[in-house]
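Enquirer: Quick one: this structure, given as structure tokens, is what I'll be asking you about.
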Amino acid sequence: MSSNSPIRSICCIGAGYVGGPTMAVIADRCPEVKVTVVDINQDRIAAWNNSDLSKLPVYEPGLDAVVGRARGRNLFFSTAVEDTIAAADMVFISVNTPTKTRGLGAGQASDLRWVEACARTVAKAAVGHTIVVEKSTLPVRTAEAVKAILGGVDSASEPKTFSVLSNPEFLAEGTAIRDLANPDRVLIGGDNAEAIDALAKIYSQWVPEEKILRTNLWSSELSKLTANAFLAQRISSINSVAALCEATGADVREVAKAIGTDSRIGPKFLNAGPGFGGSCFQKDILNLVYLCRHFGLPDVADYWESVVLLNTWQQHRIARLVVQKLFGTVTGKRLAILGFAFKADTNDTREAPAIRICRDLLEEGAQLAIHDPKVDPEQISLDLKLIASSEPQADAGPTRGALSGEATWWPSSDVAS
59 MSSNSPIRSI CCIGAGYVGG PTMAVIADRC PEVKVTVVDI NQDRIAAWNN
109 SDLSKLPVYE PGLDAVVGRA RGRNLFFSTA VEDTIAAADM VFISVNTPTK
159 TRGLGAGQAS DLRWVEACAR TVAKAAVGHT IVVEKSTLPV RTAEAVKAIL
209 GGVDSASEPK TFSVLSNPEF LAEGTAIRDL ANPDRVLIGG DNAEAIDALA
259 KIYSQWVPEE KILRTNLWSS ELSKLTANAF LAQRISSINS VAALCEATGA
309 DVREVAKAIG TDSRIGPKFL NAGPGFGGSC FQKDILNLVY LCRHFGLPDV
359 ADYWESVVLL NTWQQHRIAR LVVQKLFGTV TGKRLAILGF AFKADTNDTR
409 EAPAIRICRD LLEEGAQLAI HDPKVDPEQI SLDLKLIASS EPQADAGPTR
459 GALSGEATWW PSSDVAS
């Protein structure tokens with residue numbers, strides 16, 4: 059495409075919880091644009107192409123209907139990554155950016171290996187002018203690296219040019235389709251006005267112009283991290299108040315209502331509970347902590363890190379409360395756990411509070427009956443590192459196990475260390 063041509067073909071690299079639903083909505087709202095979601099995971103792509111819409115790899119209320127309307131018309135799912143990039147005017151990068159587990163920044167910094175791999179693939183396969191959009195949640199200044207990779211391509215034989223934009227997602231799992239259909243805002247960061255306008259025109263098919271915000275690249279990248287940090291901060295704040303309420307005889311629900319009616323505070327994210335989970339909040343806050351330390355702001359880093367520490371403390375505290383309420387021991391006692399995903403209306407169990415709570419109770423010797431209508435028993439088994447059997451073993455001593463669905467138990471001898 060030329061730098062000012064309308065967008066006719068979009069490629070999204072990554073068919074996960076963000077890429078799949080986002081592209082489905084774009085295709086549904088922009089029938090004149092061909093949208094193709096690519097992934098190297100053949101099983102995932104096969105699931106997106108399944109004729110049975112109840113078997114899509116991502117569960118979101120309303121997603122099946124959106125995919126059903128657009129798939130095969132202008133929405134496609136494919137493993138042909140390079141061919142799809144070559145045919146695209148715009149390429150979204152929507153891949154996982156987990157916390158690093160080793161090396162510099164381990165435990166806090168984001169692992170950007172897949173973002174780098176995507177940028178290199180785009181640099182190799184793109185044809186003509188391509189707008190590259192960061193959809194993954196990334197550390198501020200990541201676009202510098204993406205630009206460097208794209209700019210390093212040898213295009214002597216076939217000229218290539220690129221514009222890089224940041225367009226972070228603000229959807230919430232469980233309400234993703236509703237959030238995409240009626241967003242609070244769409245944020246587009248970049249330094250090329252024509253590229254920004256091209257992406258804004260896509261969203262303007264259904265999003266009011268006043269909700270489409272334009273910023274520079276760095277403001278856009280940082281806004282996503284800080285948005286998640288502020289939301290998580292409120293959850294940790296109300297849970298800290300809940301602990302004080304229990305110690306003093308106050309009712310946290312009454313306190314939350316009292317402070318939530320203050321228009322400066324508002325009522326959202328003031329429900330005390332097991333804390334936050336999911337793939338984003340903890341990862342993004344730890345990334346923010348790492349960035350603060352990297353830029354010489356240790357006190358700011360400590361402040362944000364305390365949000366994560368209190369969240370972990372809250373989950374351990376809930377398990378301790380259960381033990382205390384059951385007369386100081388849960389050994390051999392059967393406890394029911396309703397819900398395992400990190401929130402309602404999703405099958406995503408990544409960093410779910412239930413994992414830490416259940417493992418604490420299993421370590422105390424409890425028998426757990428776990429049910430979540432959206433989560434497969436195999437996923438629960440995997441998250442708890444347990445092996446399923448059909449019945450609780452009466453002769454296994456203090457059975458430490460779990461039940462999902464109707465009749466799946468994990469005996470104590472199968473608890474992984």
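Counting from 1 along the sequence shown, just add 58 to a position and that's the residue number in the working numbering.
Ideal Cβ positions, reconstructed from N, Cα and C, are used throughout, including at glycine.
1. So residue 336 and residue 388 are supposed to be a Cβ contact under 8 angstroms. How far apart are they, rounded?
2. Could you check what DSSP says for residue 416 in three-state terms: helix, strand or coil?
3. May I ask which residues mark the beginning and end of the alpha helix (DSSP H) holding residue 312?
4. Quick check on residue 246: does DSSP put it in helix, strand or coil?
5. Taking the continuous beta strand (DSSP E) assigned at residue 153, which residues delimit it?
6. Please go through the same chain and pick out, in chain order, the residues whose beta-carbon is closer than 7 angstroms to the beta-carbon of residue 145, but skip the five residues on each side of it.
7. At what residues does the beta strand (DSSP E) containing residue 224 begin and finish?
8. When DSSP labels each residue in this structure, what does residue 456 get in the three-state scheme?
9. Of the choices 393, 301, 69, 263, whose alpha-carbon is the least far from that of residue 416?
10. Can you find at least 3 beta carbon pairs, one from the segment 251-271 and one from the segment 74-92, that sit closer than 8 angstroms?
11. For residue 200 and residue 170, which I take to be in contact (beta-carbon distance under 8 angstroms), what is that distance rounded to the nearest angstrom?
12. Does the distance from the CB of residue 411 to the CB of residue 334 come in under 9 angstroms?
13. Is residue 72 helix, strand or coil when you go by DSSP?
14. When the Cα atoms are used, what is the spatial distance from residue 221 to residue 292?
15. Have a look at 376, 385, 155, 284 and flag the residue whose alpha-carbon is nearest the alpha-carbon of residue 343.
16. Could you pull out every unbroken alpha helix (DSSP H) segment of at least 4 residues lying fully inside the segment 137-198, listed in chain order?
17. If I'm right that residue 296 touches residue 176 with Cβ under 8 angstroms, what's the distance once you round it to whole angstroms?
18. Are the CB atoms of residue 359 and residue 347 nearer to each other than 9 angstroms?
19. Rounding to the nearest angstrom, what Cα-Cα distance links residue 233 and residue 132 in this structure?
20. Considering only the alpha carbon of each residue, which of 310, 191, 308, 217 lies closest to residue 279?
21. Just verifying my parser: in three-state terms, what is the DSSP assignment at residue 440?
22. Whole angstroms is fine: what's the gap from residue 419's alpha carbon to residue 185's?
23. What three-state label does DSSP hand residue 387 in the structure shown?
24. Specify, as a first and last residue, the run of the alpha helix (DSSP H) that residue 343 falls within.
25. Based on the DSSP secondary-structure assignment, which residues constitute the bridge partners of residue 394?
26. Quick one, are the C-beta atoms of residue 521 and residue 256 less than 9 angstroms apart?
27. For residue 238, which option in 247, 228, 245 has the closest C-alpha, if you only look at C-alpha atoms?
28. Looking only at its chain, what residues have a beta carbon closer than 6 angstroms to the beta carbon of residue 74, apart from the 5 residues adjacent to it on each side?
29. In the DSSP assignment, the beta strand (DSSP E) including residue 271 goes from what residue to what residue?
30. Excluding five sequence neighbours on each side, which residues of the same chain lie with their C-beta closer than 7 angstroms to the C-beta of residue 351?
31. Buried or exposed for residue 436, please, with buried defined as at least 16 other CB atoms from any protein chain shown within 10 angstroms of its CB.
32. Do residue 114 and residue 128 come within 9 angstroms of each other at the CB atom, strictly closer than that value?
33. Identify the continuous beta strand (DSSP E) that holds residue 93 and give its terminal residues.
34. Starting from residue 201, follow the alpha helix (DSSP H) in both directions and report where the run begins and ends.
35. Count the other CB atoms, across all protein chains shown, that sit within 10 Å of the CB of residue 281; report buried if there are 16 or more and exposed otherwise.
Expert: According to the structure data:
1. To locate residue 336, count along the sequence shown from 1; it is residue 278. To locate residue 388, count along the sequence shown from 1; it is residue 330. Actually they do not touch by this definition, with Cβ atoms about 27 angstroms apart.
2. Start at 1 with the first residue of the sequence shown, and residue 416 comes out as number 358. Taken through DSSP and simplified to helix, strand or coil, residue 416 comes out as helix.
3. For the purposes of this step, residue 312 is identified with residue 254 of the sequence shown, where counting begins at 1. Unbroken alpha helix (DSSP H) run through residue 312: 310-318.
4. If you number the sequence shown from 1, residue 246 lands on position 188. Here residue 246 sits in strand by DSSP.
5. Within the sequence shown, residue 153 is the residue found at index 95, counting from 1. For residue 153, there is no enclosing beta strand (DSSP E), since its DSSP letter is neither H nor E.
6. Translated into positions along the sequence shown, residue 145 becomes position 87. Excluding positions up to five away in sequence, the list reads 67.
7. Position 166 of the sequence shown, counted from the start, is the residue given in the question as residue 224. Under the DSSP assignment, residue 224 falls in the beta strand (DSSP E) whose first and last residues are 218-224.
8. In the sequence shown, counting from the first residue as 1, residue 456 sits at position 398. Here residue 456 scores only 37 on pLDDT, less than 50, and its place in the model is too uncertain to base an answer on.
9. Within the sequence shown, residue 416 is the residue found at index 358, counting from 1. It is 393 whose Cα lies nearest to the Cα of residue 416.
10. Here the segment 251-271 makes contact with the segment 74-92; the two share three or more CB pairs at distances below 8 angstroms.
11. Here the question's residue 200 lines up with position 142 in the sequence shown. Here the question's residue 170 lines up with position 112 in the sequence shown. The Cβ separation is near 7 angstroms, so the contact holds.
12. Position 353 of the sequence shown holds residue 411. Position 276 of the sequence shown holds residue 334. In contact: residue 411 and residue 334 (Cβ atoms closer than 9 angstroms).
13. Along the sequence shown, read from residue 1 onward, the residue named residue 72 stands at position 14. Looking at residue 72 - three-state DSSP - the assignment turns out to be coil, as it is neither helix nor strand.
14. Looking up residue 221 in the sequence shown gives position 163. Looking up residue 292 in the sequence shown gives position 234. Whole-angstrom Cα-Cα distance: 36 angstroms.
15. Taking the sequence shown and counting its residues from 1, one reaches residue 343 at position 285. Nearest option by C-alpha distance: 284.
16. The qualifying runs are 139-145, 171-183.
17. Counting from one through the sequence shown, the residue named residue 296 turns up at place 238. Counting from one through the sequence shown, the residue named residue 176 turns up at place 118. Going by Cβ atoms, the distance from residue 296 to residue 176 rounds to 38 angstroms, so no, they are not a contact pair.
18. Translated into the one-based positions of the sequence shown, residue 359 becomes position 301. Translated into the one-based positions of the sequence shown, residue 347 becomes position 289. Between residue 359 and residue 347, the CB-CB gap stays under 9 angstroms.
19. As a working note, residue 233 is residue 175 in the sequence shown. As a working note, residue 132 is residue 74 in the sequence shown. Taking the straight line joining both Cα atoms gives about 24 angstroms.
20. For this step, residue 279 is matched to residue 221 along the sequence shown. Between residue 279 and the set 310, 191, 308, 217, the nearest pair of CA atoms involves 191.
21. Indexing the sequence shown from 1 puts residue 440 at position 382. The DSSP-derived three-state label of residue 440 is helix.
22. Residue 419 sits at position 361 when you count from the first residue of the sequence shown. Residue 185 sits at position 127 when you count from the first residue of the sequence shown. Their Cα atoms are separated by approximately 56 angstroms.
23. On the sequence shown, residue 387 is found 329 positions in, with the first residue counted as 1. Three-state DSSP puts residue 387 in coil, outside helix and strand.
24. Sequence index remark: in the sequence shown, residue 343 carries index 285 (1-based). Element bounds for residue 343: 339-352.
25. Numbered from 1 along the sequence shown, position 336 holds the residue referred to as residue 394. Answer is 427, bridged to residue 394.
26. Residue 521 cannot be examined here, being either before or after the span of the chain that is shown, 59 to 475.
27. Position 180 of the sequence shown, counted from the first residue, corresponds to residue 238. Looking from the CA of residue 238, the closest CA among 247, 228, 245 belongs to 228.
28. The residue given as residue 74 occupies position 16 in the sequence shown. Cβ neighbours of residue 74 within its own chain (closer than 6 angstroms, five residues either side excluded): none.
29. Within the sequence shown, numbered from 1, the residue matching residue 271 stands at position 213. Per DSSP, the unbroken beta strand (DSSP E) holding residue 271 starts and ends at 270-273.
30. In the sequence shown, the residue the question calls residue 351 occupies position 293. Same-chain partners within the cutoff: 359.
31. Residue numbering aside, residue 436 sits at position 378 when the sequence shown is read from its first letter. Under a 10 Å Cβ-count criterion, residue 436 is classified as exposed, with fewer than 16 other Cβ atoms of the shown protein chains found around its own Cβ.
32. By one-based count along the sequence shown, residue 128 stands at place 70. By one-based count along the sequence shown, residue 114 stands at place 56. No.
33. Here residue 93 is taken as the residue at index 35 of the sequence shown, counted from 1. 92-96 is the span of the beta strand (DSSP E), which, as asked, contains residue 93.
34. Working through the sequence shown from its first residue, we reach residue 201 at position 143. 200-209 is the span of the alpha helix (DSSP H), which, as asked, contains residue 201.
35. As a working mapping, residue 281 is identified with position 223 in the sequence shown. Looking at its Cβ environment, which holds 16 or more other Cβ atoms inside 10 Å, residue 281 is buried.
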